[in-house]
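Student: The number in the working numbering is simply the position in the sequence shown, starting from 1, with 26 added.
Starting off with a structure, shown below.
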Amino acid sequence: TGSGIVHIAPGHGEEDFYAGKKWNLAIFCPVNEEGKFTSQAKAFEGLKVFEANDIIIEKLKTDNLLVSKSTIAHSYPHCWRCKNPVIFRATHQWFLKVDFDNLRAKLIEAADKVNWFPPNGKERITSMLNLRPDWCLSRQRYWGTPIMAFYCKKCNSLQKDYTIIKKWQERVNLEGSDFWFSEPIEKLLPENYKCECGSKEFYKEKDILDVWLDSGVSWYSVIKNKLGQEYYPVDVYLEGSDQHRGWFQTSLIPSVALNKVPPYKNVITHGFVLDEHGKAMHKSLGNVVSPQEVIDKYGADILRLWVALSDYNDDVRISGKLLEGPVDTYRKIRNTFRYLLGNLSDYKPSKNKINADKLLEFDLYMLTRLFKLSREVSDFYGNFEYRSAMKAINDFCICDLSSFYLDALKDRLYTMPLDSIERRSAQSVLYEILKSLLIMTSPVLSFTAEEAWQIFKKDIDPDLSQSVFLNDWPEFSVEVSPLLTEKWNKIMAIREKVLKLLEDLRQKREIGSSVEAEVFLKFPEKEFDFFKGSESDMTLAFIVSDCHIEKDENLNYM
């Protein structure tokens, strides 16, 4: 049951404090920083709070003020580190007023101009900005960035002399802030400096700044101040989703307050790495997967690829078994590099390159596929979709190259004269494919791409840049006829159907491989005219011994 009366102590709890402010109650706080009652508690002065309960009860009994006494169980805040109970105290602190000069509205407007990945990050931080209280900037610690303020000993007034503060700022730029702790206030002030009350005695502020303000102005100290204005706002802030309440917000506030713009163009939030059972990793649980152990066993690029292939928006699990997928993907991409390097061993672009206008149609079409991949991967990287980028590259290596183009090139590469147009045309395109793939994979498979690049430069093209990382993104100026692209896209569509039929014949053991088969295709007149003369291209694309096309007016093509 109970009386329904709620005890309120405005000096000893956040909710109570704001309730007290609302109803104009005195902010009464009779407890000092040692957890002892002050003189405001009169007879109990000097007693530790948690040791005074019995004495206070006895005093109430003596004064005949105690109505009843009982014991109840309820939740109570404890220190996360030492596990002891804590008591809240209202103390004088430095604050940044979030609603001063309409700052809150400016913060929300600035957040709306940022690209948030995933998109719900915008809603999350906007909600937090709407509800956030003023920012308490001061901390009572022995080490940190000092709050360089000073007060009059006589009247306790804060001295707002910005000329002096400016000089201190210049000293900080030259020698750091340690002088604030080591030098007495008398040495830091001009001779005969006086307070408005006439006093010449002062004392320094002992509080330090919240470390979140230190990190929250990194956009200035690291970027704008050292690299220059052109790098501000920065491209990306990247952290866990918990930083909507932390670094993302504490960086946004000073940037908007000082410069009226957000400090970043893009903000990416990621989940956390869990063990294979979805549990948080802790040394005490013995379930930690060490990145160094993964690197020692698989190599750094496997770990990088695992990260790239993960959906970083959510928590991800890691284990030896879960690394098998990236290992297989890595092996396929690396083997593609090895195959391309091997088949370019006698190719020197300065002597053997075939210009685009002389390339075989089949090779030119493959270049268009490479162009398409380059654009897609660039867009994926630009939107921080690393999984999609690596999937597109892997699919290209497997489907476009291994299962199609490289298979179709075998005769040209291995049986035709070294300097034949057919062979050099293929190699010219393989060169562009290798160069582009190395650049495209370098953000993720950094070590492998660089290793292959150095072999590429040493054995094939000494005119390449010193490192794969010193290249612009692959761009192509080759103009390809839309008709050619249309033709080969249609051939590729037909190829899928032909391959299914060939596989059926293989299953029935009527053929051993596709090169033992001849393909006969029938088209209505319009399509027949379109494909007329493309038999050799189809033979190449289907990897068969021959291909024939016929006209059949009774058909409706595709």
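Ideal Cβ placement from N, Cα and C applies to all residues, glycine included.
1) Which residue's Cα is closest to the Cα of L163: Q119, W142, S153?
2) Quick one, which of N378, D125, V314 has its alpha-carbon nearest H303's?
3) Starting from the C-beta of F207, find all residues in its chain whose C-beta is less than 8 Å away, skip the five residues before and the five after it, and write them out in chain order.
4) Count Cβ pairs between the region 179 to 192 and the region 252 to 262 that sit closer than 8 Å; are there 3 or more?
5) What are the partner residues of G266, as DSSP defines its beta bridges?
6) Which residue marks the beginning of the alpha helix (DSSP H) containing W238, and which one marks its end?
7) For M466, which of F363, K483, S277, E60 has the nearest alpha-carbon?
8) Buried or exposed, going by whether 16 or more other CB atoms sit within 10 Å of the CB of K461?
9) When DSSP labels each residue in this structure, what does N361 get in the three-state scheme?
10) Let me know if C178 comes out buried or exposed under the rule of 16 or more other beta-carbons within 10 Å of its beta-carbon.
11) Does W479 pass the burial test, meaning 16 or more other C-beta atoms within 10 Å, or should it be called exposed?
12) Is it the case that the Cβ atoms of V237 and P280 are separated by a distance below 8 Å?
13) CB-CB under 6 Å to E60, same chain, minus the five flanking residues each way: which ones, in chain order?
14) Note down the Cα distance separating L239 from R165, rounded to an integer number of angstroms.
15) Could you pull out every residue in the same chain whose Cβ sits closer than 6 Å to the Cβ of F114, ignoring the five residues on either side in sequence?
16) Give me the DSSP bridge partner(s) of A35.
17) Which residues in the same chain have their Cβ closer than 8 Å to the Cβ of H308, if we skip the five residues on either side of it in sequence?
18) In angstroms with no decimal places, state the Cα-to-Cα distance between F430 and K534.
19) Assuming contact is defined by CB atoms lying nearer than 8 Å, are L331 and I321 in contact in what I supplied?
20) DSSP state of D485, grouped into three classes?
21) Just checking my contact of L370 with I486 at CB under 8 Å: how many whole Å lie between their CB atoms?
22) At what residue ranges does the region 499 to 549 contain a whole run of the alpha helix (DSSP H), taking only runs of 4 or more?
23) Please look up how many angstroms separate the CB atoms of V57 and T64, rounded, as I've assumed it's under 8 Å.
24) Go ahead and pull the three-state DSSP assignment for P352.
25) Provide the residue span of the alpha helix (DSSP H) that contains Y177, from first to last.
26) Which residue spans inside the region 71 to 121 form an unbroken alpha helix (DSSP H) run of at least 4?
27) Helix, strand or coil: which one does DSSP assign to C425?
28) Can you give me the Cβ contacts of K226 inside the same chain, cut-off strictly under 8 Å, excluding the 5 residues immediately before and after it?
29) Which residues in the same chain as G72 place their Cβ atom closer than 8 Å to its Cβ, once the five residues preceding and following it in sequence are excluded?
30) According to DSSP, simplified to helix, strand and coil, what is F495?
31) How many Å lie between G312 and N141 at the Cα?
32) Judging by CA-CA distance, which residue of N361, F546, K552 is the nearest neighbour of E561?
33) Looking at the unbroken alpha helix (DSSP H) that takes in E20, where does it start and where does it end?
34) Just to confirm my understanding: we take G170, look at its own chain, exclude 5 residues before and 5 after, and list those with CB closer than 6 Å. What are they?
35) In the DSSP assignment, the beta strand (DSSP E) including Y229 goes from what residue to what residue?
36) Can you tell me where the alpha helix (DSSP H) holding I173 begins and where it ends?
Tutor: So, from the listed chains and residues:
1) Sequence index remark: in the sequence shown, residue 163 carries index 137 (1-based). Residue Q119 is the option with its Cα nearest to L163.
2) Stepping through the sequence shown from its first residue, residue 303 is reached at position 277. Here the closest residue by C-alpha is V314.
3) To locate residue 207, count along the sequence shown from 1; it is residue 181. Closer than 8 Å at Cβ, skipping near neighbours: P172.
4) No contact exists between the region 179 to 192 and the region 252 to 262.
5) Position 240 of the sequence shown, counted from the first residue, corresponds to residue 266. In DSSP, G266 forms a bridge with H296.
6) Reading the sequence shown from its first residue, position 212 is the one you call residue 238. Per DSSP, W238 belongs to the alpha helix (DSSP H) from 237 to 242.
7) By 1-based counting over the sequence shown, the position of residue 466 is 440. Nearest option by C-alpha distance: F363.
8) Counting from one through the sequence shown, the residue named residue 461 turns up at place 435. Counting Cβ neighbours within 10 Å, K461 comes out buried, since at least 16 surround it.
9) Looking up residue 361 in the sequence shown gives position 335. Helix, per DSSP.
10) Mapped onto the sequence shown, residue 178 falls at position 152. The residue is buried, with at least 16 neighbouring Cβ atoms inside 10 Å.
11) Your numbering for residue 479 matches position 453 in the sequence shown. Buried, because 16 or more other Cβ atoms sit within 10 Å of the Cβ of W479.
12) Residue numbering aside, residue 237 sits at position 211 when the sequence shown is read from its first letter. Residue numbering aside, residue 280 sits at position 254 when the sequence shown is read from its first letter. No. Outside cutoff.
13) Counting from 1 along the sequence shown, the entry for residue 60 is found at position 34. Within the same chain, E60 has no close Cβ partners at all.
14) Here residue 239 is taken as the residue at index 213 of the sequence shown, counted from 1. Here residue 165 is taken as the residue at index 139 of the sequence shown, counted from 1. So the alpha carbons of these two residues sit roughly 11 Å apart.
15) Counted from its first residue, the sequence shown places residue 114 at position 88. Excluding residues within five positions, the ones whose Cβ falls inside 6 Å are H38, G39.
16) Start at 1 with the first residue of the sequence shown, and residue 35 comes out as number 9. Per DSSP, none; premise fails for A35.
17) The residue you call residue 308 lines up with position 282 of the sequence shown. Excluding positions up to five away in sequence, the list reads V314.
18) Position 404 of the sequence shown, counted from the start, is the residue given in the question as residue 430. Position 508 of the sequence shown, counted from the start, is the residue given in the question as residue 534. Rounded to whole angstroms, F430 to K534 spans 23 Å at the Cα level.
19) Stepping through the sequence shown from its first residue, residue 331 is reached at position 305. Stepping through the sequence shown from its first residue, residue 321 is reached at position 295. No. Outside cutoff.
20) Stepping through the sequence shown from its first residue, residue 485 is reached at position 459. Note: D485 maps to helix in three-state DSSP.
21) Along the sequence shown, read from residue 1 onward, the residue named residue 370 stands at position 344. Along the sequence shown, read from residue 1 onward, the residue named residue 486 stands at position 460. Going by Cβ atoms, the distance from L370 to I486 rounds to 5 Å, so yes, they are a contact pair.
22) 508 to 533
23) Along the sequence shown, one-based indexing puts residue 57 at 31. Along the sequence shown, one-based indexing puts residue 64 at 38. Their Cβ separation, rounded to whole angstroms, is 7 Å, which keeps V57 and T64 in contact under 8 Å.
24) Taking the first residue of the sequence shown as position 1, residue 352 is located at position 326. DSSP places P352 in helix when its eight states are reduced to three.
25) As a working note, residue 177 is residue 151 in the sequence shown. Element bounds for Y177: not the alpha helix (DSSP H) but the beta strand (DSSP E), 176 to 178.
26) 79 to 88
27) The sequence position of residue 425 within the sequence shown is 399, counting from 1. Three-state result, C425: helix.
28) As a position in the sequence shown, residue 226 is number 200, starting the count at 1. Result list for K226: N218, Y219, K220, in chain order.
29) For this step, residue 72 is matched to residue 46 along the sequence shown. If we look at G72 and ignore the five residues flanking it on each side, its Cβ neighbours are K62, F63.
30) Position 469 of the sequence shown, counted from the first residue, corresponds to residue 495. Three-state DSSP puts F495 in a helix.
31) Sequence index remark: in the sequence shown, residue 312 carries index 286 (1-based). Sequence index remark: in the sequence shown, residue 141 carries index 115 (1-based). Roughly 38 Å separates the two Cα atoms.
32) Here residue 561 is taken as the residue at index 535 of the sequence shown, counted from 1. The shortest Cα separation from E561 among N361, F546, K552 belongs to F546.
33) Absent from the model: residue 20. The displayed extent of the chain is 27 to 584, so no value can be given.
34) Here residue 170 refers to the residue found at position 144 of the sequence shown. Around G170: I234.
35) Walking along the sequence shown from the start, residue 229 turns up at place 203. Where Y229 is concerned, the enclosing beta strand (DSSP E) stretches over 228 to 230.
36) On the sequence shown, residue 173 is found 147 positions in, with the first residue counted as 1. Looking at the DSSP string, I173 is not in any alpha helix (DSSP H), and its letter there is neither H nor E.
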